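Numbering (the numbering used here), first residue to last: 715 to 975.
Here a beta-carbon is modelled for each residue, glycine too, at the ideal position from N, C-alpha and C.
From a predicted model like this one, the values you see are computed outputs, not experimental measurements.
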C-alpha cells in the first residue's frame, strides 16, 4: 500500500464494496459472501505488502473473485491477475478495468516471460490445488525477478477449529461439497490443508528462501463461538492459529518443472 496506512486499505475496501453492489451478474452472491468472509484478511495482506514496499509489477495468482486484485490496483500497485476462469467475474473486471489473464495454473505455464514481476501473491489458493502444486510454485519462481517476493497464505491443518473437528470425528472439509465447487463455482474447493512445515518444504524446494513464517486468525466476534475461539487463540501457542502466512524471496531459478501430461 503506497500510503502504508490502514486508512488507505479501508478506503480501497469501501470502493470494492461499492463495485460489488453495482454488480448484477450471477457472481453477485459469490462477491458478497466472499468479501464478507475475507475482508479482514485482505486488509492484513495489504499491510504486509506495505511493509515489503514492492517496486514493479505484482502477480495475483488464483485471482477470482478478483477482490485482492482490485484492492491492489486501488492501492496504487501495478498488478496482473491470473485465474482458471476469469469470465466468471467479467462484470467486476470490466467495471474496475482490471487486468486478469486466463490460465489453468496447474496445467499450463504462466503466460509471462522470465523475471517479469517484483512480487507474487498466492493467497488462500494453495489449498485448492489438486494436480501439481510444485509446478505452480516453480512457475511463480520463474516469472519473479531475482529477490522478488512470494506472499503465500493458506489454512493451517493444525488450527484449533481443525483439531476440534478431528476430535469430534469430523473431516476438515466435506469432500462432496468441496468437489461440488468445480461445477458450482468453476474451481476446486479445499483439496487438503497443510501444516506449516509442509508448506515451507514446498516453498524452499521451488527456488525460494524463507523471509518470514507466521500465523494469524480472524479476530471478528460475530457470535459467542467466535468469542470463545478468540479467547482460545490467545491462550494457545500461535502454531494453532487459523492461517499460515509465509513471505519468501526468489533465491535461484528453482527446478523449472514442466506441466504434467
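Asked                                                                                                                                                              : Found
Please state the DSSP three-state secondary structure of residue 901.                                                                                              : coil
To the nearest angstrom, report how far apart residue 927 and residue 722 are at their CA atoms.                                                                   : 25 Å
Put residue 962 into one of helix, strand or coil per three-state DSSP.                                                                                            : strand
Tell me which residues share the same chain as residue 833 and place their Cβ nearer than 6 Å to its Cβ, disregarding the 5 neighbours each side in the sequence.  : 768, 772, 862 and 863
Just to check my reading of the structure: residue 850 and residue 909 have Cβ atoms closer than 8 Å, yes? What is that Cβ distance to the nearest angstrom?       : Not a contact, Cβ separation roughly 19 Å.
Looking at the structure shown, is residue 837 part of a helix, part of a strand, or coil, going by DSSP?                                                          : strand
If we count the other Cβ atoms within 10 Å of its Cβ and call it buried at 16 or more, is residue 720 buried or exposed?                                           : exposed
Any heavy atom of the ligand ADP inside 8 Å of the beta-carbon of residue 781?                                                                                     : Absence of the ligand ADP is noted for the structure shown, with no ligands found whatsoever.
By Cβ distance, which residues of its chain are closer than 6 Å to residue 857, with the 5 residues on each side in sequence left out?                             : 824, 826, 830 and 831
Touch check for the segment 882-890 and the segment 780-790: three-plus C-beta pairs under 8 Å?                                                                    : no
Using a Cβ-Cβ cut-off of 7 Å (strictly less than) and excluding sequence neighbours within five positions of residue 716, which residues of its own chain qualify? : Summary for residue 716: the model assigns pLDDT 47, below 50, so the residue's position carries little reliability, and this model does not support an answer.
Under a three-way DSSP split, which group does residue 872 fall into?                                                                                              : coil
Verify whether the separation of the beta carbon atoms of residue 968 and residue 923 is less than 9 Å.                                                            : no
Counting C-beta neighbours from all protein chains within 10 Å, is the total for residue 770 16 or more, i.e. buried, or is it exposed?                            : exposed
With 16 other CB atoms within 10 Å as the buried threshold, where does residue 937 fall?                                                                           : exposed
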